[in-house]
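Encoded as structure tokens, the structure appears first; notes follow it.
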Amino acid sequence: MKALSAVSAFRCLGAECADTCCQGWAMQIEPATEERYRKEAPDLLESVTGPAGQRHMKRNPDTDFCVRYEGGLCGIQKQHGEAFLGDACFFYPRILRRAGEMPLMSASLSCPEIARLALREGLLSYQDVPEPPRMPQEMRSYAEPDMDGAAMMALHEALVAWALARPAEEALLDFALFAEHWERDRSAAFTRDTIMTLRSSAPKAEKLAVDAYRLAHCLSVLILASRRKAPPRLERIEQDILEELKVGVNPETFMIENKAQDFSAAQKLEAGWRAHKEVMAPVMSRWLAAQVSASFFPFGGLGAGAYERAVLLALKFAIFRLGLMAHAGKTSEANVDEAARVAQGLSRFMDHLADPALSMALYKDAGWTQLSRLRGLLASG
Numbered sequence: 167m168k169a170l171s172a173v174s175a176f177r178c179l180g181a182e183c184a185d186t187c188c189q190g191w192a193m194q195i196e197p198a199t200e201e202r203y204r205k206e207a208p209d210l211l212e213s214v215t216g217p218a219g220q221r222h223m224k225r226n227p228d229t230d231f232c233v234r235y236e237g238g239l240c241g242i243q244k245q246h247g248e249a250f251l252g253d254a255c256f257f258y259p260r261i262l263r264r265a266g267e268m269p270l271m272s273a274s275l276s277c278p279e280i281a282r283l284a285l286r287e288g289l290l291s292y293q294d295v296p297e298p299p300r301m302p303q304e305m306r307s308y309a310e311p312d313m314d315g316a317a318m319m320a321l322h323e324a325l326v327a328w329a330l331a332r333p334a335e336e337a338l339l340d341f342a343l344f345a346e347h348w349e350r351d352r353s354a355a356f357t358r359d360t361i362m363t364l365r366s367s368a369p370k371a372e373k374l375a376v377d378a379y380r381l382a383h384c385l386s387v388l389i390l391a392s393r394r395k396a397p398p399r400l401e402r403i404e405q406d407i408l409e410e411l412k413v414g415v416n417p418e419t420f421m422i423e424n425k426a427q428d429f430s431a432a433q434k435l436e437a438g439w440r441a442h443k444e445v446m447a448p449v450m451s452r453w454l455a456a457q458v459s460a461s462f463f464p465f466g467g468l469g470a471g472a473y474e475r476a477v478l479l480a481l482k483f484a485i486f487r488l489g490l491m492a493h494a495g496k497t498s499e500a501n502v503d504e505a506a507r508v509a510q511g512l513s514r515f516m517d518h519l520a521d522p523a524l525s526m527a528l529y530k531d532a533g534w535t536q537l538s539r540l541r542g543l544l545a546s547g
């Protein structure tokens, strides 16, 4: 099987993790695991809740931690061994799927250690590894007409390599152009010549002064709509952005508040970012490669088709970059560790909890589903 190099290097930080997956998430329990509890560890049944088909581990209502969380570690693993973990807990942050019949393992940036391995260490190549002794009981399989698993992987790996080899803004525009073309012609190959041809006919960039504000508004609305209290990392990212743009979002009306109608803060933020952009460029390219890998783009990921997935990927990048810009604006510095923190905090929400339908509706309302406006947004900063 194929596995991302970051997966091979990954080791859970346990009690040292800065944003543990044992808090804030309802980790699913599949029927076979619950049945094992019933037969071999009935004491664990009291920790499982939820209706049929949606069973998950209970969370402490006061702390939002899993009820089996003990001093930074998993009580189930300590008392019974990792074999008794449900698939969600056992495999996270690993993501397993099949490309045709080919097993594939990538990883999520919502894990702090994966974010570090990807953005700092750059461990973003695929390797051939033995298939692990345990595989998920349910594993999503992707199939394409006239493409076997090897062909799907070849296209996917070409996109990862493309992301790593050039500025993220440029690669994202290329992905959108190719996705739009590929949806009309599935036989299209992702090659340099194809991309150069598509670029030559791409619409001119259309950038608006309010784009940064609308982007910040989208993030805040998505957080408010989730009806969850933002985790500390996400809350800090959101507040940094709003403070640097000198705006707020009304939690009751969801409306952005910029009483002075002054959009100069975004211009100043963008001007200040130029001092850090060159240093952060490789990090942003690694972020994109990691997201392409985690979503199995263009075949998988949020969105109804390849072009919609490309748009959602580009908008997630724009929010990530705005988070980096805001941090740099507040501290007058930018570094890889802070970039990994921003990437992880946003991924934990955007890749798992944010409503993709609402996201697309907000982005469409802003005009960013149009190539000219998307290009203008990517050119910002």
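Residue numbers (the working numbering): 167 to 547.
Using N, Cα and C, we set each Cβ at its ideal position, and we do this for glycine too.
Everything numeric in this text was worked out from a predicted model, so none of it was measured.
Exercise. State the beta-bridge partners of H222 as determined by DSSP.
Key: Q194 and T215
Exercise. Classify M450 as helix, strand or coil using the three-state DSSP reduction.
Key: helix
Self-check item: Residue burial classification, S461 (beta-carbon count within 10 angstroms, cutoff 16)
Solution: buried
Quiz item: What is the rounded straight-line gap between the Cα of L330 and the Cα of T215?
Solution: 43 Å
Quiz prompt | Integer Cβ distance of R452 from L285, believed to fall under 8 Å | solution = 5 Å
Practice problem: Can you check DSSP and say which residues form a bridge with I261? | Solution: S272
Quiz item: Exposed or buried, which one is F420 when buried takes at least 16 other CB atoms within 10 Å?
Solution: exposed
Quiz item: Under the three-state reduction of DSSP, which class applies to G438: helix, strand or coil?
Solution: helix
Quiz item: When the Cα atoms are used, what is the spatial distance from I403 to P522?
Solution: 20 Å
Quiz item: Three or more C-beta pairs closer than 8 Å, one from the segment 359-373 and one from the segment 502-511: is that the case here?
Solution: no
Quiz item: Exposed or buried, which one is Q293 when buried takes at least 16 other CB atoms within 10 Å?
Solution: exposed
Quiz item: Are there 16 or more other CB atoms within 10 angstroms of the CB of S386, so buried, or fewer, so exposed?
Solution: buried
Quiz item: Buried or exposed: which applies to H518, given that a residue is buried once 16 or more other Cβ atoms fall within 10 Å of its Cβ?
Solution: exposed
Exercise. Give the straight-line distance between the Cα atoms of G190 and T363, rounded to the nearest whole angstrom.
Key: 46 Å
Quiz item: Can you give the Cα-Cα distance for P333 and L262, rounded to whole angstroms?
Solution: 28 Å
Self-check item: Identified DSSP bridge partners for L239
Solution: E236
Practice problem: Give the straight-line distance between the Cα atoms of T229 and A456, rounded to the nearest whole angstrom. | Solution: 31 Å
Practice problem: Pull up the distance between the alpha-carbon of L478 and that of L543, whole angstroms please. | Solution: 13 Å
Exercise. Quick one: grab the DSSP three-state call for A329.
Key: helix
Exercise. Using a threshold of 8 Å, state whether the C-beta atoms of G252 and M193 are closer than that.
Key: yes
Quiz prompt | Same chain, Cβ closer than 7 Å to A391, five either side skipped, listed in chain order | solution = D521 and L524
Quiz item: Is the segment 170-178 touching the segment 272-287 in the sense that three or more CB pairs, one from each, lie closer than 8 Å?
Solution: yes
Practice problem: Have a look at E444, F256 and G180 and flag the residue whose alpha-carbon is nearest the alpha-carbon of A500. | Solution: E444
Quiz item: Going along the chain, which residues of its own chain have a beta-carbon closer than 6 Å to the beta-carbon of H246, five neighbours each way excluded?
Solution: A207
Practice problem: Report the rounded CA-to-CA distance for C255 versus A375, giving the unit in angstroms. | Solution: 44 Å
Exercise. Report the rounded CA-to-CA distance for M446 versus F486, giving the unit in angstroms.
Key: 12 Å
Self-check item: Distance between L339 and R541 (C-alpha atoms, nearest Å)
Solution: 7 Å
Quiz item: Can you name the start and end residues of the alpha helix (DSSP H) that L339 belongs to?
Solution: A334 to R350
Quiz item: Do A265 and M305 have their C-beta atoms closer together than 8 Å?
Solution: no
Practice problem: Going by CA-CA distance only, name the one from V326, R514, S498 and H493 that's closest to E504. | Solution: H493
Quiz item: Does the beta-carbon of E267 have 16 or more other beta-carbons within 10 angstroms, so that it is buried, or is it exposed?
Solution: exposed
Exercise. With DSSP as the reference, label K168 as helix, strand or coil.
Key: strand
Self-check item: Other residues of its chain near F231: CB distance less than 7 Å, five sequence neighbours each side excluded
Solution: C188, Q189 and R225
Practice problem: Below 6 Å CB to CB, which residues in the same chain sit around R380 once its five sequence neighbours on both sides are set aside? | Solution: A532
Self-check item: Residue interval of the beta strand (DSSP E) (run including Q427)
Solution: Segment: none, Q427 is in no beta strand (DSSP E) and carries neither H nor E.
Self-check item: Closest by C-alpha distance to S498, when choosing among Q536, A441 and R234
Solution: A441
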